[in-house]
Structures are given as structure tokens and as C-alpha cells.
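**Q**
In our numbering, the protein residues as written are 2 to 105.
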């Protein structure tokens, strides 16, 4: 920044010197802009990292969801096993009712 102010000083300058200093000022300003964009990008990445990397909370939510899904899976397996057992091994009372209905 101090260099930019120094380049802007007015002295006995010819056209070449003025053009050269203008180019230097432009290059330094562009360099400062690139550095500020880079800094903004780093800040944005750090904010995202802070927001999204709460690993303990994510792990806890994942564990709760896993337990919920496992409980649902176990419940469904028990229901399917009971239905399959009923289909493969009908109870004797149902067999008697079916036989009574057939004779009627």
C-alpha cells in the first residue's frame, strides 16, 4: 500500500516513467485483489468446515438412525417369520375349521 502511494507522487517524470509507474500500480492492485479473493475463499472454506464438520453430532445422529433402522428391520423379520410359519405350519384348529367347512 505504501508502494502505491509512493508511485502516485508527483515529480519531474517523463511519459515513460509515468506509464511504467501506472503499470506497476496496476500490477500491485491486481495482486492485492487476488490476495483478498484468496483470503475470502479461505474464510469461506473455514466457515463451511466449522459448520459441517461437527463430527460428534453427525456420529450421534447416524447411530440413532442406525438403531432405528435395525429395530424396524428386526420387527419386520419377526413379522415375516410369523407369517411364514403360519403358512408352512397351519395350526390344528384352523385345519379342523377348514375340514368342517369342506364337509358342509
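Note that CB positions come from ideal geometry on N, CA and C, so glycine has one too.
1) So what does DSSP say about residue 15, is it helix, strand or coil?
2) Rounded to a whole number of angstroms, what is the C-alpha to C-alpha distance between residue 29 and residue 20?
3) Do we get a CB-CB distance below 7 angstroms when we pair residue 61 with the residues of chain D?
**A** Reading from the atomic positions:
1) Stepping through the chain shown from its first residue, residue 15 is reached at position 14. If DSSP states are grouped into helix, strand and coil, residue 15 belongs with coil.
2) Taking the chain shown and counting its residues from 1, the one referred to as residue 29 is at position 28. Taking the chain shown and counting its residues from 1, the one referred to as residue 20 is at position 19. Those two C-alpha atoms are separated by around 14 angstroms.
3) Absence of chain D from the displayed structure is noted, only one protein chain being present.
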